[in-house]
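Trainee: Dropping a structure here in structure tokens format, bear with me for questions.
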Amino acid sequence: LSGNGNSSSREVSSSSLEARGKRSKRSVIHLYHMLTCTTDCNPISYKGYGCYCGFLGDGPVVDGIDECCKKHDWCYEDARSCSGLEWYLAPYKWHCNGGRPYCVPPAKGLLMIPRTCGHQLCECDRAFAECLRHQPCPKSKAMCVSSPWRKWFLFRKLGRPASLLMQTIF
1 LSGNGNSSSR EVSSSSLEAR GKRSKRSVIH LYHMLTCTTD CNPISYKGYG CYCGFLGDGP
61 VVDGIDECCK KHDWCYEDAR SCSGLEWYLA PYKWHCNGGR PYCVPPAKGL LMIPRTCGHQ
121 LCECDRAFAE CLRHQPCPKS KAMCVSSPWR KWFLFRKLGR PASLLMQTIF
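With the UniProt record's numbering, letter number 71 in the sequence shown gets 71, and the count goes up by one each step, no holes.
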């Protein structure tokens, strides 16, 4: 992955991908690029980190990175104009300037009502990226030993003791 892109300005939008003959971008891909814009960290390094970064967040926060992930989860839950898979699929427009993400205000739909789900998700992702900007890059995965949901998921999915898997997978 490249660095944080401080020296250039770029806009990432669903229309830019469609112009290249691909499907529209999903918000999880936007989040990946937003983290690349804002931090010098590999965005994948946050997956499965602590109790809240990734799937099935639960338990006490383990550190500052995990706190950012918990706030991001709450922000998505508060995105009232989104429902179901929109949390993962709603497109939005944003740009990176000087290593900072900026969300483009939503366009108005056919009935002149702003389409706000994507914009709300953009603001959640922007706040998350800004929060992580103040944290060091993870060099290893912080373990969440108190989350019964993650332990159960790993045990059920893989059929082995979750504590051993957490050490080897994460």
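The beta carbon of each residue, even a glycine, is placed where N, CA and C say it ideally should be.
From S24 to P106, what does the alpha carbon distance come to, in whole angstroms?
Mentor: With a pLDDT of 36 at S24, under the threshold of 50, the predicted position of this residue should be treated as unreliable, and no value is reported.
Trainee: So does the stretch 117 to 127 actually touch the stretch 55 to 66, counting three or more Cβ pairs closer than 8 angstroms?
Mentor: Taking 8 angstroms as the limit for Cβ pairs, the verdict is that the stretch 55 to 66 does not touch the stretch 117 to 127.
Trainee: Helix, strand or coil for K22? Go by DSSP, reduced to three states.
Mentor: Only weak support is given to the placement of K22: the predicted model assigns it a pLDDT of 31, under 50, and the question is left unresolved by the model.
Trainee: According to DSSP, is N134 part of a helix, a strand, or is it coil?
Mentor: It should be noted that the sequence gives His, not Asn, for residue 134. It is coil, neither helix nor strand.
Trainee: Kindly indicate which three-state DSSP category C82 falls into: helix, strand or coil?
Mentor: Residue state, collapsed to three classes: coil.
Trainee: Between the C-alpha atoms of G21 and G99, what's the straight-line distance to the nearest angstrom?
Mentor: Residue placement at G21 is flagged as unreliable, the pLDDT there being 28, under the threshold of 50; a coordinate-derived value is accordingly withheld.
Trainee: So the alpha helix (DSSP H) C96 belongs to, where does it begin and stop?
Mentor: Element bounds for C96: not the alpha helix (DSSP H) but the beta strand (DSSP E), 94 to 97.
Trainee: What distance in whole Å lies between the Cβ atoms of Y52 and D73, which are believed to be in contact at a cut-off of 8 angstroms?
Mentor: With 8 angstroms as the limit, D73 and Y52 qualify as a contact, their Cβ atoms being about 6 angstroms apart.
Trainee: Which residues in the same chain have their Cβ closer than 6 angstroms to the Cβ of L132, if we skip the five residues on either side of it in sequence?
Mentor: The residues are T39, C68.
Trainee: Using three-state DSSP, classify C37 as helix, strand or coil.
Mentor: In this structure, C37 counts as helix in the three-state DSSP scheme.
Trainee: I'd like to check one pair, Y76 with I65: are the Cβ atoms closer than 9 angstroms?
Mentor: In this structure, Y76 does not lie closer than 9 angstroms to I65 by Cβ.
Trainee: Using only the alpha-carbon positions, how far apart do N97 and A90 sit?
Mentor: Whole-angstrom Cα-Cα distance: 22 angstroms.
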